[in-house]
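Chemist:
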Amino acid sequence: MGSWSRNSRSPRDRRPQPSSGRHPNHHATRIRQQGETMIGVGVRTPGGALEILDLPEPREPGAGELVLEVVAAGIGPWDALLHTGGWDVGLVPPAALGVEGVGRVAATGPGETEFRTGDLVIVHEAPLPGGSGTWAEKALVSSAHVARVPDGLAPAVAAGLPVAGLTAQQALDELQVVAGSRLLVVGASGPTAALAVQLAHSRGADVVAGAGLAHADRLRSLGAADVVDTHVNGWAHKVGRRFDAVLIAATGTAADAMELLVDGGRLTSITSDAPAPVRGIATSDLYVQPDGRALGELAALAAAGDLRLEVETTPVGGALAIAEQVASGRSRGVKHVLEF
11 MGSWSRNSRS PRDRRPQPSS GRHPNHHATR IRQQGETMIG VGVRTPGGAL EILDLPEPRE
71 PGAGELVLEV VAAGIGPWDA LLHTGGWDVG LVPPAALGVE GVGRVAATGP GETEFRTGDL
131 VIVHEAPLPG GSGTWAEKAL VSSAHVARVP DGLAPAVAAG LPVAGLTAQQ ALDELQVVAG
191 SRLLVVGASG PTAALAVQLA HSRGADVVAG AGLAHADRLR SLGAADVVDT HVNGWAHKVG
251 RRFDAVLIAA TGTAADAMEL LVDGGRLTSI TSDAPAPVRG IATSDLYVQP DGRALGELAA
311 LAAAGDLRLE VETTPVGGAL AIAEQVASGR SRGVKHVLEF
């Protein structure tokens, strides 16, 4: 990860204040005039220092596009890859990072029929149609990657759901997890894997979570039938059972986990380190894909209380410290969300 430094100017003092007679949480829907700027957290140059910046506002949306006034945006370890160029999503600096969030529709492209100005929506966007991400006051997104935020779902929770939720869901699909599947989730204490535990349990799978035992009670409450301490040497030899499928969410654990798969089983890694296949085992690395329809389904589950995500919110002024904390793996299993 590159050097991350703070711009000396404080954005909190320069943000537009609500007009007289409006509630402080009101979100304006107009697009500022050409040449106006917005606050964003991003980079001036490819791989440059992470800063709080004045950035150009998004262009007018084209067909199939929306401009969102961002309410909150998720922060994940993948954002460090955006920063360094390890994940090419079409970032064109100077630009904001971020590929997920919640916002109100500020403008719609020609012919848009699904979404209207003022709708509160959730999005995972990659590649970035405007070359800049969701860590900004406004973002240009594809309407196909957007879903409405259902009543009862807090915007901060919704903002943290897209990448983790879609990754978990797509990994379980890749693993062909169904009712009765025996699934091991390694690295289960993190936000993405914890969502996978819940989604697999809801499919009727027999889920074992691999994590530090400090997380055991929480993981059992999320649907894990058992918790294995994967922080001890030789942990795989102490499990005492076999699995049809393994989801890897912790680097350096895949080789040991392979030993626990039945012949012809499946292993999917979300940490880009799937081992070579042996014994007829299918192995793969999972890279999340945007999906507005699936995102709507996940949001509905979260709104109903059937999918739980622990979030911590941070104002724009604290973005740099939190981004570095998340990138270094010190996020303590919670999902961090940047609020605008």
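Note that this note's numbering gives residue 122 to position 112 of the sequence shown, counting from 1, and the numbers run on in steps of one.
Even for Gly, the Cβ is constructed at its ideal location relative to N, Cα and C.
Everything numeric in this text was worked out from a predicted model, so none of it was measured.
Can you find at least 3 beta carbon pairs, one from the region 260-279 and one from the region 144-159, that sit closer than 8 Å?
Modeler: Too few Cβ pairs lie closer than 8 Å, so no.
Chemist: Considering only residues of the same chain and omitting the five flanking positions on each side of R32, which have a CB-CB separation below 6 Å?
Modeler: As a first step, residue 32 must be located in the sequence shown, where it is residue number 22. Low confidence applies here, because R32 scores a pLDDT of 32, under 50, leaving its location unreliable; read the following figure in that light. Excluding positions up to five away in sequence, the list is empty.
Chemist: Going by DSSP, name the residue or residues bridged to D236.
Modeler: In the sequence shown, the residue the question calls residue 236 occupies position 226. V218.
Chemist: From D283, M48, L209, pick the residue whose C-alpha is nearest to that of D295; which is it?
Modeler: As a first step, residue 295 is located in the sequence shown; it is residue number 285 there, counting from the start. Ranking D283, M48, L209 by Cα distance to D295 puts D283 first.
Chemist: With a threshold of 6 Å on Cβ separation, who are the neighbours of R289 within its own chain once the five nearest residues in sequence on each side are excluded?
Modeler: Locating residue 289 in the sequence shown gives position 279, where the first residue counts as 1. Excluding positions up to five away in sequence, the list reads D273.
Chemist: Check whether the region 189-207 and the region 102-112 are in contact - that is, three or more C-beta pairs closer than 8 Å.
Modeler: The region 189-207 is not in contact with the region 102-112.
Chemist: DSSP beta-bridge partners for V112?
Modeler: What you label residue 112 is simply residue 102 of the sequence shown in a count that begins at 1. Looking at the DSSP assignment, V112 forms a beta bridge with A82, I132.
Chemist: Are the region 126-137 and the region 48-55 in contact at 8 Å, needing three or more beta carbon pairs?
Modeler: Flag = no, the region 126-137 and the region 48-55 do not touch.
Chemist: Just to check my reading of the structure: A168 and A59 have Cβ atoms closer than 8 Å, yes? What is that Cβ distance to the nearest angstrom?
Modeler: Sequence index remark: in the sequence shown, residue 168 carries index 158 (1-based). Sequence index remark: in the sequence shown, residue 59 carries index 49 (1-based). That belief does not hold up - the Cβ atoms of A168 and A59 are roughly 30 Å apart, past 8 Å.
Chemist: Of the choices V187, R318, A210, whose alpha-carbon is the least far from that of R276?
Modeler: Position 266 of the sequence shown holds residue 276. Ranking the options by Cα distance to R276, first place goes to V187.
Chemist: Hey, how far is the Cα of A226 from the Cα of V237?
Modeler: Translated into the one-based positions of the sequence shown, residue 226 becomes position 216. Translated into the one-based positions of the sequence shown, residue 237 becomes position 227. Straight-line Cα distance between these residues: approximately 6 Å.
Chemist: So which of A215, A203, V242, W245 has the shortest CA-CA distance to I258?
Modeler: To locate residue 258, count along the sequence shown from 1; it is residue 248. The candidate whose alpha carbon is nearest that of I258 is A203.
Chemist: Is A329 helix, strand or coil when you go by DSSP?
Modeler: Residue mapping note: residue 329 aligns to position 319 of the sequence shown, counting from 1. A329: helix per DSSP, three-state reduction.
Chemist: Which first and last residues belong to the beta strand (DSSP E) in which A157 is found?
Modeler: Reading the sequence shown from its first residue, position 147 is the one you call residue 157. Where A157 is concerned, the enclosing beta strand (DSSP E) stretches over 156-158.
Chemist: When DSSP labels each residue in this structure, what does R276 get in the three-state scheme?
Modeler: The count along the sequence shown starts at 1 and reaches residue 276 at position 266. In the structure shown, R276 sits in a strand (DSSP, three-state: E or B).
Chemist: Please list, in chain order, all residues of the same chain as A105 whose beta carbon is under 6 Å from its beta carbon, the five residues on each side excluded.
Modeler: Position 95 of the sequence shown, counting from 1, holds the residue named residue 105. These residues qualify, in order along the chain: G52, G141, S142.
Chemist: Please list the segments of the alpha helix (DSSP H) lying wholly inside the region 290-350, counting only runs of 4 or more residues, in order along the chain.
Modeler: Runs found: 302-313, 329-337.
Chemist: Three or more C-beta pairs closer than 8 Å, one from the region 297-314 and one from the region 165-180: is that the case here?
Modeler: The answer is yes - the region 165-180 touches the region 297-314, with three or more Cβ pairs under 8 Å.
Chemist: In three-state DSSP terms, what is E184?
Modeler: Reading the sequence shown from its first residue, position 174 is the one you call residue 184. DSSP places E184 in helix when its eight states are reduced to three.
Chemist: Can you tell me whether G50 is helix, strand or coil according to DSSP?
Modeler: Taking the first residue of the sequence shown as position 1, residue 50 is located at position 40. Looking at G50 - three-state DSSP - the assignment turns out to be strand.
Chemist: Thinking just about the alpha-carbon of each residue, which of T55, E61, P56, G57 is nearest to the one in G405?
Modeler: Any question about residue 405 goes unanswered here, given that the chain covers just 11 to 350.
Chemist: State the beta-bridge partners of K148 as determined by DSSP.
Modeler: For the purposes of this step, residue 148 is taken as the residue at position 138 of the sequence shown. Beta-bridge pairing links K148 to E79.
Chemist: Nearest-angstrom Cα distance between L91 and G119?
Modeler: The sequence position of residue 91 within the sequence shown is 81, counting from 1. The sequence position of residue 119 within the sequence shown is 109, counting from 1. If I take the Cα positions, the gap works out to 30 Å.
Chemist: Does L362 pass the burial test, meaning 16 or more other C-beta atoms within 10 Å, or should it be called exposed?
Modeler: Outside the shown range of the chain, which is 11 to 350, sits residue 362, and nothing can be said about it.
Chemist: Let's see if you can read the secondary structure: which residues bound the alpha helix (DSSP H) around L205?
Modeler: Locating residue 205 in the sequence shown gives position 195, counting from the first residue. 201-212 is the span of the alpha helix (DSSP H), which, as asked, contains L205.
Chemist: So, helix, strand or coil for V173, using DSSP?
Modeler: If you number the sequence shown from 1, residue 173 lands on position 163. Note: V173 maps to helix in three-state DSSP.
Chemist: So, is D98 buried or exposed, given that buried needs 16 or more other C-beta atoms within 10 angstroms?
Modeler: In the sequence shown, counting from the first residue as 1, residue 98 sits at position 88. Burial call: exposed.
Chemist: In whole angstroms, what separates the C-alpha of L76 from that of T144?
Modeler: The residue you call residue 76 lines up with position 66 of the sequence shown. The residue you call residue 144 lines up with position 134 of the sequence shown. One C-alpha to the other measures close to 13 Å.
Chemist: Taking just the CA atoms, how far does G57 sit from R342?
Modeler: Along the sequence shown, one-based indexing puts residue 342 at 332. Along the sequence shown, one-based indexing puts residue 57 at 47. If I take the Cα positions, the gap works out to 26 Å.
Chemist: List the whole-angstrom C-beta distance separating L348 from I85, where the pair is believed to meet the contact cut-off of C-beta under 8 Å.
Modeler: Residue 348 sits at position 338 when you count from the first residue of the sequence shown. Residue 85 sits at position 75 when you count from the first residue of the sequence shown. Confirmed, Cβ separation roughly 6 Å.
Chemist: Measure the alpha-carbon distance for A73 versus E122 and round it to whole angstroms.
Modeler: Taking the sequence shown and counting its residues from 1, one reaches residue 73 at position 63. Taking the sequence shown and counting its residues from 1, one reaches residue 122 at position 112. Near 7 Å, if we compare the C-alpha coordinates of E122 and A73.
Chemist: At a Cβ threshold of 8 Å, is L193 touching chain B?
Modeler: In the structure shown, chain B cannot be found, because there is only a single protein chain.
Chemist: Are the beta-carbon atoms of A246 and A267 separated by less than 8 Å?
Modeler: Translated into the one-based positions of the sequence shown, residue 246 becomes position 236. Translated into the one-based positions of the sequence shown, residue 267 becomes position 257. Their beta carbons are under 8 Å apart, which means A246 touches A267 by this criterion.
Chemist: Beta carbon of R54, beta carbon of P87: below 8 Å?
Modeler: For the purposes of this step, residue 54 is identified with residue 44 of the sequence shown, where counting begins at 1. For the purposes of this step, residue 87 is identified with residue 77 of the sequence shown, where counting begins at 1. No.
Chemist: Going by C-alpha distance, which of F125, L232, V256 is nearest L205?
Modeler: Against the sequence shown, residue 205 aligns to sequence position 195. Among F125, L232, V256, the Cα nearest to that of L205 belongs to L232.
Chemist: How would you write the range of the alpha helix (DSSP H) that L92 sits in, first residue to last?
Modeler: Position 82 of the sequence shown, counting from 1, holds the residue named residue 92. Start and end: 88-94.
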